[in-house]
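Numbering (this note's numbering), first residue to last: 3 to 342.
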């Protein structure tokens, strides 16, 4: 049974989950995928299981299949795709916990019975220019229990999740990762931010005042979390495909757009092929970063071209292209955990 906050979708149950996600995109942009039914569609359709090991109720899909799935979700609804990457990053980190922790947390996550998200931007890019750690972990009580104090500045779906997987710095400066229930004493979730785009992601700051986490999930020796993984590129290409589809539709009645639409389609296909090769065979960090930069540039250009093709109609608030343009700018500021 799905969490009450992960409402079941209303469309026909025979529809594919990605098609359901696309149909719910307008509602998701306002309510978030946990309330609109998008996340529930992915859970009931077995998509979430692909990120979870077989021994814990998942199907452990190979990286190329996961990458293709993220592209497809992003083409239909970027808000849902962002939420999935944060959920998947949390799931991957939970996989670094003990066997007991994995057995307790992963099966209900695979089914969609419980929801999780990740809050680690304070360890990656958003707070690196500050001398003091944003979130610290100490053992002040003599009982060996961890305590968290500070805040996470960006947590997607914090108010719609049962747990947050977060990272804090210990006394010796080592990052350590924890699972924290969102109803834990001392934890406060700020109201979701109103953003230029993706407000439906319900991204909030989360504050910790003497919070005791439920579990330690990743040891410092596991290498922590790096930024700039393949999922960022996958989401950019999915969003670019949505813009390219607009141009393709417009070109049916405006033949002068045909060559432009074809050029964008070819560029998307080329970067998609490079991404899938990286998912199959791996990729060096420098090449990965170039691929990501190319995809980020493409998604912005594609959205602008779709706006031009849509003329004034696309400049009106509520038009699908208006949202695509705003959402494309997200890739200029987003750093995604490589754990996805």
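Think of the CB as a built atom: it goes at the ideal place given N, C-alpha and C, for glycine as much as any other residue.
- C-alpha of residue 162 to C-alpha of residue 277: approximately 31 Å in a straight line.
- Shown here, residue 244 sits in a helix according to DSSP, grouped into three states.
- Counting C-beta pairs with one atom in each stretch, the stretch 41-55 and the stretch 107-121 have three or more that are closer than 8 Å, which means they touch.
- In this structure residue 165 is in contact with residue 118, their Cβ atoms being roughly 5 Å apart against a cut-off of 8 Å.
- In this structure, 200 is the residue among 188, 91, 200 with its C-alpha nearest to the C-alpha of residue 29.
- The beta carbon of residue 206 sits closer than 7 Å to those of 157, 160, 161, 191, 192, 193, 194, 195, all from its chain and outside the five residues before and after it, given in chain order.
- Taken through DSSP and simplified to helix, strand or coil, residue 40 comes out as helix.
- Residue pairing from DSSP places residue 151 in a beta bridge opposite 138, 211.
- One thing to note: residue 330 has its Cβ no nearer than 8 Å to the Cβ of residue 72.
- The DSSP-derived three-state label of residue 166 is strand.
- For residue 206, the secondary structure class from DSSP, reduced to helix, strand or coil, is strand.
- Beta bridge pairing from DSSP links residue 59 with no other residue.
- Counting C-beta pairs with one atom in each stretch, the stretch 304-322 and the stretch 211-218 have fewer than three that are closer than 8 Å, which means they do not touch.
- Residue environment: residue 258 is assigned as exposed (fewer than 16 neighbouring CB atoms within 10 Å of its CB, all protein chains considered).
- The beta-carbon distance between residue 220 and residue 308, rounded to whole angstroms, is 40 Å. This is too long to meet the 8 Å contact definition.
- With respect to the C-alpha of residue 65, the residue from 41, 135, 237, 281 having the closest C-alpha is 281.
- Pairing residue 291 with residue 273 gives a Cβ-Cβ distance that is not under 8 Å.
- Excluding five sequence positions before and after residue 135, the CB atoms of its chain that fall closer than 6 Å to its own CB belong to 171, given in chain order.
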